[in-house]
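Q: First, the structure itself, so that you have it in front of you.
Okay, here's the thing in structure tokens:
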């Protein structure tokens, strides 16, 4: 594995525009995650109403993902992303105006959530599949690292801080307006990208194309079994973390908001460190093994988090957990982009996203229920052991096939 500059992908104009726009948009998403619950609670004061808004956003995102993946493989991916950004920006802008003039209703926020969920169902497969259209394979890891870094910093750090500031200074209308502006900037960057050549549109029915995508995923053991195993890991361990960490801090470590902030910051530091480290290297040999070793190690970190007796140990464990999760994620996307044919990548990505997004809310609910049944520590430990056990997927026949293929091609290259 040779060293490379972590920002190598940014030397390509199309990717630089894509990444810049998405970074601004992710910061807007971070602003939105602060403003939305505050506005819902201001209008209703009901946690149930907030849950319904989250459900309204999640359901279309799950139900339409396979359709989105199919369309992404038959339409220009840049155009799909551009339309999604414009629709989302206009929608959140309308809500910002309604709040500013004092006429918001819960129904307006529910409609916005549905629009966002629908747009996500098309945007996620397109954003996962567009990289091979604009970059050579040698820069897939650099691109994935940069995308992960911008998500860690923009969506989970800068965005929420900016959102809190805007709500405090000008109210939620300003925060929603900032999110709308971020979508406009992202759309402008997408529009400024040079034309990307794509093959002619397919004339087959969408149902047939969805079926083809599912059959392809099932025919590739490395892809199918990895999707299933990581879905189980997300459900049992990684998704519930968002509710388990606050309860660990409050009920086990008997600490306050500052301690929770330290642990959340450690999450971001771990993810950011993984992005910086992987961005300095090209795609490794035996990439499937490295991905699953990282994800299994993240499971062990969850066990350590459950055993932590101090905030310091908890922060170190949490940071290490998200380091390994992010490291595996960063390598997973280039693996798919290299191994999956371009005309199937949107559909394969949609199946991948559907499993991840579909099981995440269920995992959060299950994690909350498990706290009542077996306690926070045991929930973290059991979930971590499940995630660690999923590393055994490496022993399923065919799962490491991409590693053998890449090793073989490297040997041939050297022999020549």
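Numbering (our numbering), first residue to last: 352 to 767. Built from N, CA and C at the ideal position, the CB exists for glycine as well.
#1: Would you kindly check if the distance between the Cβ of residue 657 and the Cβ of residue 731 is under 7 Å?
#2: With respect to the alpha helix (DSSP H) encompassing residue 688, which residues constitute its N-terminal and C-terminal limits?
#3: Evaluate residue 428 with the Cβ neighbour count: other Cβ atoms within 10 Å of its Cβ, from every protein chain shown; 16 or more gives buried, anything less gives exposed.
#4: On the DSSP letters alone, give me the boundaries of the alpha helix (DSSP H) that residue 768 sits inside.
#5: Between the C-alpha atoms of residue 587 and residue 675, what's the straight-line distance to the nearest angstrom?
#6: Contact between the region 737-756 and the region 607-627: three or more CB pairs below 8 Å?
#7: Hey, residue 480 and residue 696: beta-carbon distance below 7 Å or not?
#8: At which residues does the alpha helix (DSSP H) containing residue 652 begin and terminate?
#9: Go through the region 471-556 residue by residue and report every complete run of the beta strand (DSSP E) that reaches 3 residues or more, in order.
#10: Which same chain residues, not among the five before or five after residue 442, have their C-beta less than 6 Å away from its C-beta?
#11: What does a CB cutoff of less than 7 Å around residue 395 pick up in its chain, not counting 5 residues either side in sequence?
#12: Residue 434 to residue 677, Cα distance in whole Å?
#13: Rounded to the nearest angstrom, what separates residue 363 and residue 546 at their Cα positions?
#14: Going straight from the alpha carbon of residue 559 to that of residue 663, what length do you get?
#15: Between residue 573 and residue 622, how many whole angstroms is the CB-CB distance? I'm expecting something under 8 Å.
#16: Mind checking residue 636: buried by the 16 CB within 10 Å criterion, or exposed?
#17: Under 8 Å, with one C-beta from each stretch per pair, do the region 527-534 and the region 439-454 reach the 3-pair mark?
#18: Here's the rule I'm using: 16 or more other beta-carbon atoms within 10 Å means buried, otherwise exposed. How should residue 537 be labelled?
#19: How many angstroms separate the CA atom of residue 452 from the CA atom of residue 380?
#20: According to DSSP, is residue 749 helix, strand or coil?
#21: With DSSP run on the structure shown, which of helix, strand or coil describes residue 742?
#22: Which of the three DSSP states is assigned to residue 314 in this structure?
#23: When burial is assigned at 16 or more other CB atoms within 10 Å of the CB, is residue 352 buried or exposed?
#24: How many whole angstroms separate the CB atoms of residue 619 and residue 508, which I take to be in contact at a CB cut-off of 8 Å?
#25: Determine contact between the region 697-709 and the region 408-419, defined as no fewer than three beta-carbon pairs at a distance below 8 Å.
#26: The alpha helix (DSSP H) that contains residue 594, what's its start and end?
#27: With DSSP collapsed to three states, give me the class of residue 364.
#28: Mapping the DSSP letters down to three states, classify residue 392 as helix, strand or coil.
#29: On the DSSP letters alone, give me the boundaries of the alpha helix (DSSP H) that residue 587 sits inside.
#30: In its own chain, which residues sit with a C-beta less than 7 Å from the C-beta of residue 597, not counting the 5 before and 5 after it?
#31: Please name the residue, chosen from 511, 370, 595, 670, that lies closest to residue 715 on a Cα-to-Cα basis.
#32: Taking its Cβ as the centre, do 16 or more other Cβ atoms sit within 10 Å of residue 692, making it buried, or is it exposed?
#33: Since residue 750 contacts residue 639 with CB under 8 Å, what's their CB separation in whole angstroms?
#34: Does residue 825 pass the burial test, meaning 16 or more other C-beta atoms within 10 Å, or should it be called exposed?
A: Looking at the atomic coordinates:
#1: Within the chain shown, numbered from 1, the residue matching residue 731 stands at position 380. Within the chain shown, numbered from 1, the residue matching residue 657 stands at position 306. Yes, Cβ-Cβ distance for residue 731 and residue 657 is below 7 Å.
#2: Start at 1 with the first residue of the chain shown, and residue 688 comes out as number 337. Counting along the chain, the alpha helix (DSSP H) containing residue 688 begins and ends at 662-690.
#3: Within the chain shown, the letter at position 77 stands for residue 428. Buried, since its Cβ has 16 or more Cβ neighbours within 10 Å.
#4: Outside the displayed range of the chain (352 to 767) lies residue 768, so it cannot be described from this structure.
#5: By one-based count along the chain shown, residue 587 stands at place 236. By one-based count along the chain shown, residue 675 stands at place 324. Going by the C-alpha atoms only, they are around 16 Å apart.
#6: no
#7: Residue mapping note: residue 480 aligns to position 129 of the chain shown, counting from 1. Residue mapping note: residue 696 aligns to position 345 of the chain shown, counting from 1. Cβ atoms of residue 480 and residue 696: closer than 7 Å.
#8: Here residue 652 is taken as the residue at index 301 of the chain shown, counted from 1. Where residue 652 is concerned, the enclosing alpha helix (DSSP H) stretches over 638-658.
#9: none
#10: Looking up residue 442 in the chain shown gives position 91. 463, 466.
#11: In the chain shown, residue 395 corresponds to position 44, counting from 1. Correct list, in chain order: 457.
#12: Position 83 of the chain shown holds residue 434. Position 326 of the chain shown holds residue 677. Their backbone Cα atoms lie some 29 Å apart in a straight line.
#13: Start at 1 with the first residue of the chain shown, and residue 363 comes out as number 12. Start at 1 with the first residue of the chain shown, and residue 546 comes out as number 195. If you take the alpha carbons of residue 363 and residue 546, they lie about 14 Å apart.
#14: In the chain shown, the residue the question calls residue 559 occupies position 208. In the chain shown, the residue the question calls residue 663 occupies position 312. Near 53 Å, if we compare the C-alpha coordinates of residue 663 and residue 559.
#15: If you number the chain shown from 1, residue 573 lands on position 222. If you number the chain shown from 1, residue 622 lands on position 271. Not a contact, Cβ separation roughly 25 Å.
#16: As a working mapping, residue 636 is identified with position 285 in the chain shown. Residue 636 comes out exposed.
#17: With the cut-off at 8 Å, the region 527-534 and the region 439-454 touch.
#18: Counted from its first residue, the chain shown places residue 537 at position 186. Residue 537 should be labelled buried.
#19: On the chain shown, position 101 is the one that residue 452 refers to. On the chain shown, position 29 is the one that residue 380 refers to. Cα to Cα, residue 452 sits roughly 23 Å from residue 380.
#20: On the chain shown, position 398 is the one that residue 749 refers to. Three-state result, residue 749: coil.
#21: Counting from 1 along the chain shown, the entry for residue 742 is found at position 391. Three-state result, residue 742: helix.
#22: Because the chain spans 352 through 767 in this model, residue 314 falls outside it and cannot be assessed.
#23: The count along the chain shown starts at 1 and reaches residue 352 at position 1. At residue 352 the pLDDT is 45, less than 50, meaning the model places this residue with poor confidence; the figure from the coordinates comes in the next sentence. Classification of residue 352: exposed, given that the 10 Å Cβ count is below 16.
#24: Counting from one through the chain shown, the residue named residue 619 turns up at place 268. Counting from one through the chain shown, the residue named residue 508 turns up at place 157. The Cβ separation is near 5 Å, so the contact holds.
#25: yes
#26: Along the chain shown, read from residue 1 onward, the residue named residue 594 stands at position 243. Its alpha helix (DSSP H) spans residues 592-598.
#27: The sequence position of residue 364 within the chain shown is 13, counting from 1. Here residue 364 sits in helix by DSSP.
#28: As a position in the chain shown, residue 392 is number 41, starting the count at 1. Helix, per DSSP.
#29: For this step, residue 587 is matched to residue 236 along the chain shown. That residue, residue 587, is in no alpha helix (DSSP H); it is neither H nor E in DSSP.
#30: Mapped onto the chain shown, residue 597 falls at position 246. Cβ within range, chain order: 611.
#31: On the chain shown, residue 715 is found 364 positions in, with the first residue counted as 1. Among 511, 370, 595, 670, the Cα nearest to that of residue 715 is on 595.
#32: As a working mapping, residue 692 is identified with position 341 in the chain shown. In summary, residue 692 is exposed, with fewer than 16 beta-carbon neighbours lying within 10 Å of its beta-carbon over all protein chains present.
#33: The residue you call residue 750 lines up with position 399 of the chain shown. The residue you call residue 639 lines up with position 288 of the chain shown. Confirmed, Cβ separation roughly 6 Å.
#34: Because the chain in this structure spans residues 352 to 767, residue 825 falls outside the shown range and cannot be described.
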